[in-house]
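Protein chains in written order, with the working numbering: chain L, 14 to 125; chain Z, 270 to 382. Glycine residues also receive a C-beta, built at the ideal position from the N, C-alpha and C atoms. Worksheet: one structure, shown below.
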Amino acid sequence: GQQVMQIPQYQHVQEGEDFTTYCNSSTTLSNIQWYKQRPGGHPVFLIQLVKSGEVKKQKRLTFQFGEAKKNSSLHITATQTTDVGTYFCAGRGTGTASKLTFGTGTRLQVTL
Amino acid sequence: NAGVTQTPKFQVLKTGQSMTLQCAQDMNHNSMYWYRQDPGMGLRLIYYSASEGTTDKGEVPNGYNVSRLNKREFSLRLESAAPSQTSVYFCASSEAFANYGYTFGSGTRLTVV
Chain L
14 GQQVMQIPQY QHVQEGEDFT TYCNSSTTLS NIQWYKQRPG GHPVFLIQLV KSGEVKKQKR
74 LTFQFGEAKK NSSLHITATQ TTDVGTYFCA GRGTGTASKL TFGTGTRLQV TL
Chain Z
270 NAGVTQTPKF QVLKTGQSMT LQCAQDMNHN SMYWYRQDPG MGLRLIYYSA SEGTTDKGEV
330 PNGYNVSRLN KREFSLRLES AAPSQTSVYF CASSEAFANY GYTFGSGTRL TVV
């Protein structure tokens, strides 16, 4: 079955530093989504990428979808303490009945 | 703007007891899902309903059953709870199956002793 791996599992940065998490799929994806989950909270949808090579920005967050549609990244510029949480990618396979498979997440800790 | 509402928020069960987790969405979404989240395991799909009137198994369906009662409501039932079912359960919905963003409920923290 489809597998979605995320690295790193955990990252600790100082406020103001940049952060990147990477997502890799064993199969080609039709779309990839990113979610943020604050400690003790529920996942919140951030964005969906569909096109090969697509890049989207949301303020300090930059999302990329690889050319082969098998990998993706989320980059946060100049982290803030409000960025603390776990970031999940979720990829959908190319079949019409394909489900969304979540990665195991990257937990980000930001300290002053 | 309620979104996805899950009840209860917390529950403690004894091994062998049964219970139903309730989920309702008010966004007119077609698809609904049940996930469980365990430390280090990410989100694993238990069951889903791609559209009203249909339900299908996800990755980890054993020990669970679901009912899509109507377009708004999707319930998850544990017939005979086991300690391995201790987890956080999330209900989610989306406009279309496995597409667009999922809206998650606030979760049910279930402990089976």
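Closest to Q291/Z by CA distance: which of G322/Z, V281/Z, V273/Z, M310/Z is it? As a position in the second sequence, residue 291/Z is number 22, starting the count at 1. Out of G322/Z, V281/Z, V273/Z, M310/Z, V273/Z has the C-alpha closest to the C-alpha of Q291/Z.
Could you list which residues in chain Z have their beta carbon closer than 7 Å to that of L113/L, in chain order? Counted from its first residue, the first sequence places residue 113/L at position 100. Result: A367.
Reduced DSSP category for Q50/L - H, G, I as helix; E, B as strand; rest coil: Translated into the one-based positions of the first sequence, residue 50/L becomes position 37. Q50/L falls in the strand class under three-state DSSP.
Is it right to say F71/L is buried, meaning 16 or more other beta carbons lie within 10 angstroms of its own, or is it exposed? What you label residue 71/L is simply residue 58 of the first sequence in a count that begins at 1. The question names Phe, but residue 71/L is Gln in the sequence shown. Classification for Q71/L: exposed.
Can you give the beta carbon distance from A103/L to L87/L, rounded, assuming they're within the 8 Å contact cut? Translated into the one-based positions of the first sequence, residue 103/L becomes position 90. Translated into the one-based positions of the first sequence, residue 87/L becomes position 74. 12 Å between Cβ atoms; not a contact.
Between the Cα of T323/Z and the Cα atoms of Y333/Z, L338/Z, I315/Z, R313/Z, which residue gives the shortest distance? Mapped onto the second sequence, residue 323/Z falls at position 54. Minimum Cα distance to T323/Z is reached at L338/Z.
In three-state DSSP terms, what is P352/Z? Position 83 of the second sequence holds residue 352/Z. Note: P352/Z maps to helix in three-state DSSP.
Of all the CB atoms in chain L, is at least one closer than 7 Å to the CB of L312/Z? As a position in the second sequence, residue 312/Z is number 43, starting the count at 1. Judged by the 7 Å Cβ criterion, L312/Z is in contact with chain L.
Near S39/L, what residues of its chain come up, given a Cβ to Cβ distance below 7 Å and the 5 sequence neighbours on each side ignored? Mapped onto the first sequence, residue 39/L falls at position 26. Same-chain partners within the cutoff: Q15, Q16.
Are there 16 or more other CB atoms within 10 angstroms of the CB of D295/Z, so buried, or fewer, so exposed? As a first step, residue 295/Z is located in the second sequence; it is residue number 26 there, counting from the start. Result: exposed.
Hey, how far is the Cα of Q93/L from the Cα of P56/L? Within the first sequence, residue 93/L is the residue found at index 80, counting from 1. Within the first sequence, residue 56/L is the residue found at index 43, counting from 1. If you take the alpha carbons of Q93/L and P56/L, they lie about 19 Å apart.
Give me the Cβ distance between E342/Z and A293/Z, rounded to the nearest whole Å; I'm assuming they're in contact under 8 Å. For the purposes of this step, residue 342/Z is taken as residue 73 along the second sequence, with counting starting at 1. For the purposes of this step, residue 293/Z is taken as residue 24 along the second sequence, with counting starting at 1. Sure, about 5 Å apart at Cβ, within 8 Å.
Taking the continuous beta strand (DSSP E) assigned at H25/L, which residues delimit it? Here residue 25/L refers to the residue found at position 12 of the first sequence. 23-27 is the span of the beta strand (DSSP E), which, as asked, contains H25/L.
Please list, in chain order, the chain Z residues whose beta carbon lies closer than 8 Å to that of H55/L. Locating residue 55/L in the first sequence gives position 42, where the first residue counts as 1. Residues of chain Z passing the Cβ test: F359, F373, G374, S375, G376.
So what's T95/L in DSSP terms, helix, strand or just coil? As a working mapping, residue 95/L is identified with position 82 in the first sequence. T95/L falls in the helix class under three-state DSSP.
With DSSP collapsed to three states, give me the class of A319/Z. Within the second sequence, residue 319/Z is the residue found at index 50, counting from 1. Looking at A319/Z - three-state DSSP - the assignment turns out to be coil, as it is neither helix nor strand.
Could you give the C-beta distance for R346/Z and K278/Z, rounded to a whole number, given that I count them as a contact under 8 Å? Walking along the second sequence from the start, residue 346/Z turns up at place 77. Walking along the second sequence from the start, residue 278/Z turns up at place 9. At roughly 18 Å, the Cβ-Cβ gap does not stay under 8 Å, so R346/Z and K278/Z are not in contact.
Rounded separation between V382/Z and Q280/Z - CA only: Walking along the second sequence from the start, residue 382/Z turns up at place 113. Walking along the second sequence from the start, residue 280/Z turns up at place 11. Looking at the two C-alpha atoms, the distance is approximately 11 Å.
For M18/L and N297/Z, what's the separation of their Cα atoms in angstroms? Counting from 1 along the first sequence, the entry for residue 18/L is found at position 5. Counting from 1 along the second sequence, the entry for residue 297/Z is found at position 28. The alpha-carbon atoms of M18/L and N297/Z are separated by roughly 32 Å.
Residues of chain Z with CB under 8 Å from T117/L, in chain order? The residue labelled residue 117/L in the question sits at position 104 within the first sequence. Correct list: G309, M310, G311.
Counting only Cβ pairs nearer than 9 Å, list the residues of chain Z close to Q61/L. Translated into positions along the first sequence, residue 61/L becomes position 48. In chain order: N368, Y369, G370.
Among the residues of its own chain, which have a CB less than 6 Å from the CB of G376/Z, if the five just before and after it don't count? The count along the second sequence starts at 1 and reaches residue 376/Z at position 107. Cβ neighbours of G376/Z beyond the five flanking positions: V357, F359.
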